[in-house]
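Just so it is clear: in the sequence shown, position 35 is 435 by our numbering, and no numbers are missing.
Since the structure comes first, as structure tokens, the remarks are kept for the end.
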Amino acid sequence: MKDDRITRLNLAIETGEVIQIIYHGGSQPGTSRQIAPMSIKNGKVRARCYNSNAIKQFMIEKVELVNEETPPKTTNWNRDVAAIPHYKSIESLLEKTADTLTALGWHIERNLDRISLHGRFKNGKPKKGADISLAFEEYTWIDFVDEDGNEFKEATGKKKRPWCVRSTETTKSFGSLDKAAAAFMKYAELSAPTP
401 MKDDRITRLN LAIETGEVIQ IIYHGGSQPG TSRQIAPMSI KNGKVRARCY
451 NSNAIKQFMI EKVELVNEET PPKTTNWNRD VAAIPHYKSI ESLLEKTADT
501 LTALGWHIER NLDRISLHGR FKNGKPKKGA DISLAFEEYT WIDFVDEDGN
551 EFKEATGKKK RPWCVRSTET TKSFGSLDKA AAAFMKYAEL SAPTP
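Listed below in structure tokens is the structure:
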């Protein structure tokens, strides 16, 4: 059975109609938005959001269509409203997720700006190399070698996306700890040593 949302979004694409949705994702979940859908691909709708005046992608599974006869009891998306963070630091993330990660079979190592998850050998000892890590890397660095052959690093500026999640397959950067934490936990569950 085809999703009613996809049918309605396709109709809006064909007619160029602006529709009202409630989006249960993004920086302000549950807010109302006016969008003009442009295309649908891989479970996402690409649309102009008139509240933010930008072209964005919305995950269709998080889109709630609003019935025009009964307006929603939600607030409109507002560019000046900051998202409320779930995690304030790597330490607060670890406090909330350590039991889950341990239950998945991970050995956890942490320091001030990094968490790493390590599998274990058959004898139970943790492996040296991390399978998954989440780190805060504030600056972009360049390696230099001077005329005497000495190596050193120099910071060239702050990163726009300082949160970095690495797994054995990929590396991704994020602008917020919450988004990085979601990816970190996803990789931790997908690659868990304990089924």
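Beta carbons are placed, not taken as given, at the ideal position from N, Cα and C, and that holds for glycine.
Note on geometry: alpha-carbon atoms of Val418 and Leu590 lie some 38 Å from one another.
Contiguous beta strand (DSSP E) elements confined to the stretch 520 to 576 occur at 532 to 536, 539 to 545, 551 to 558, 563 to 567, 571 to 574, taking only those with 3 or more residues.
Excluding its 5 nearest sequence neighbours in each direction, Glu509 has C-beta neighbours in its own chain below 6 Å: Ser516, listed in chain order. For Glu554, same chain residues with a beta-carbon under 8 Å away, outside a window of 5 residues either side, are Trp541, Ile542, Phe544 in chain order. In summary, Ala454 is exposed, with fewer than 16 beta-carbon neighbours lying within 10 Å of its beta-carbon over all protein chains present.
Leu504 sits in coil when the DSSP states are folded into three classes, being neither helix nor strand.
Measuring C-alpha to C-alpha distances from Ser432 to each of Ser452, Ala581, Met585 identifies Ser452 as the nearest. Taking every protein chain shown into account, the CB of Tyr587 has 16 or more other CB atoms within 10 angstroms, so this residue is buried. Going by DSSP, Thr431 is part of the beta strand (DSSP E) stretching over 431 to 441. Burial state of Ser533 is buried, judged by a 10 Å Cβ sphere holding 16 or more other Cβ atoms. Fewer than three Cβ pairs drawn from the stretch 496 to 507 and the stretch 458 to 467 lie within less than 8 Å of each other, which leaves the two stretches out of contact.
Its Cα nearest to that of Ile413, the residue Lys441 stands out among Lys441, Gly529, Glu491. If you draw a 10 Å sphere on the C-beta of Ser439, you find fewer than 16 other C-beta atoms in it, and that means exposed. Residue nearest to Leu411 within the set Ile422, Gly430, Val445 is Val445 (criterion: CA-CA distance). Judged by DSSP secondary structure, Ala412 falls within the alpha helix (DSSP H) whose first and last residues are 404 to 415. The beta carbons of Cys449 and Ile435 sit about 5 Å from each other, so the pair counts as a contact at 8 Å. Trp563 places its beta carbon less than 9 Å from that of Ala535. The residue among Lys528, Gly505, Glu538 with its C-alpha nearest the C-alpha of Leu577 is Glu538. In the assembly as shown, Phe458 is a buried residue. Its beta-carbon has 16 or more other beta-carbons within 10 Å.
For Ile421, the uninterrupted beta strand (DSSP E) run begins and ends at 419 to 423, by DSSP.
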